[in-house]
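K.L.:
Position 55 (the sequence shown) corresponds to 55 in this note's numbering; numbering is contiguous.
Would you mind keeping the following structure in view while I ask a few things?
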Amino acid sequence: MTEIESIVFTPAEIAAAIRRMAESIARDYLGRTVVLLGVLKGALFVTADLARTLDAVAAGGIEVRLDFLAVSSYGNAHRSSGEVRLIQDTSHSIEGKHVLIVEDIIDNGLTLKYLMTLLGGRAPASLRVAVLLDKPYNRRVDVHVDYVGMTCPDEFVVGYGLDYQERYRTLPYVAKLRSEIFTTMGETVAT
Ligand code: PRP
Numbered sequence: 001m002t003e004i005e006s007i008v009f010t011p012a013e014i015a016a017a018i019r020r021m022a023e024s025i026a027r028d029y030l031g032r033t034v035v036l037l038g039v040l041k042g043a044l045f046v047t048a049d050l051a052r053t054l055d056a057v058a059a060g061g062i063e064v065r066l067d068f069l070a071v072s073s074y075g076n077a078h079r080s081s082g083e084v085r086l087i088q089d090t091s092h093s094i095e096g097k098h099v100l101i102v103e104d105i106i107d108n109g110l111t112l113k114y115l116m117t118l119l120g121g122r123a124p125a126s127l128r129v130a131v132l133l134d135k136p137y138n139r140r141v142d143v144h145v146d147y148v149g150m151t152c153p154d155e156f157v158v159g160y161g162l163d164y165q166e167r168y169r170t171l172p173y174v175a176k177l178r179s180e181i182f183t184t185m186g187e188t189v190a191t
């Protein structure tokens, strides 16, 4: 695809990271029922792949359930607005449940902080976080992540759920966009 400058993580690297996360999660939740709570829309693919890999790795030792909620913090810009909004809530109560929030990426941490406060107030049995890509360079709040797939370079990346103005989510890899994309799509890139 001509808009892609470089591939940052290949499909094989993503799959290996998800497997490592699943193996840690399988050890920690053995004998329990865990609700994987995917944060839409970005975490759609990592939630689906992590859930199936966890099922396979745990070999019946864990009951894996799925739920989703949707938040938005970025608007259409390629940098965070810093404002988090709940767009869609979970379909089931999390009270008394072992809940594992699944995110595609953590950057400034505001989304996760918001979710931990919101969900922590609903009396889950436990509340942990799994993130495929950690971008630790621009944290605005202190947040703890229990399971990290890979550390992401300090670049704006798309693919495997991550978008720019709702495009590129369906790419099977994580990639850096050519900087012209931001200017041609009506934004000036801050350097
Ligand atoms: C992205 C991503 C995380 C959040 C992380 O979601 O999926 O939820 O930003 O950023 P932060 O740590 O800087 O808060 P986004 O708001 O872009 O919505 P989307 O998942 O629908 O793309």
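The beta-carbon is built from N, C-alpha and C at its ideal position, and this holds for glycine as well.
Everything numeric in this text was worked out from a predicted model, so none of it was measured.
1) For Gly-109, which of helix, strand or coil comes out of DSSP?
2) In terms of DSSP beta bridges, what is Ser-6 paired with?
3) Going by beta carbon distance, what residues of the same chain come within less than 6 Å of Arg-169, once the five residues before and after it are set aside?
4) Taking 9 Å as the threshold (C-beta atoms), are Ile-62 and Leu-37 in contact?
5) At which residues does the alpha helix (DSSP H) containing Arg-167 begin and terminate?
6) Between which residues of its own chain and Ala-22 is the CB-CB distance below 7 Å, once the five residues before and five after are set aside?
7) Please return the same chain residues whose Cβ sits closer than 6 Å to the Cβ of Leu-100, not counting the five positions on each side in sequence.
8) I need the DSSP call for Tyr-137, collapsed to helix, strand or coil.
9) Quick one: residues in its chain with C-beta nearer than 7 Å to the C-beta of Leu-177, no 5 flanking neighbours on either side, listed in chain order?
P.N.:
The structure says:
1) Translated into positions along the sequence shown, residue 109 becomes position 109. Note: Gly-109 maps to coil in three-state DSSP.
2) What you label residue 6 is simply residue 6 of the sequence shown in a count that begins at 1. Partner(s): Lys-176.
3) In the sequence shown, the residue the question calls residue 169 occupies position 169. Hits under 6 Å: Gly-161 and Asp-163.
4) Mapped onto the sequence shown, residue 37 falls at position 37. Mapped onto the sequence shown, residue 62 falls at position 62. For Leu-37 and Ile-62, no; Cβs fall outside 9 Å.
5) By 1-based counting over the sequence shown, the position of residue 167 is 167. From DSSP, Arg-167 is part of no alpha helix (DSSP H); its letter is neither H nor E.
6) As a first step, residue 22 is located in the sequence shown; it is residue number 22 there, counting from the start. Correct list, in chain order: Leu-50, Thr-53, Leu-54 and Val-57.
7) Locating residue 100 in the sequence shown gives position 100, counting from the first residue. Result list for Leu-100: Val-34, Leu-36, Arg-128 and Ala-130, in chain order.
8) If you number the sequence shown from 1, residue 137 lands on position 137. Note: Tyr-137 maps to helix in three-state DSSP.
9) In the sequence shown, the residue the question calls residue 177 occupies position 177. Here the set comprises Glu-3, Ile-4, Glu-5, Phe-156, Val-158 and Tyr-164.
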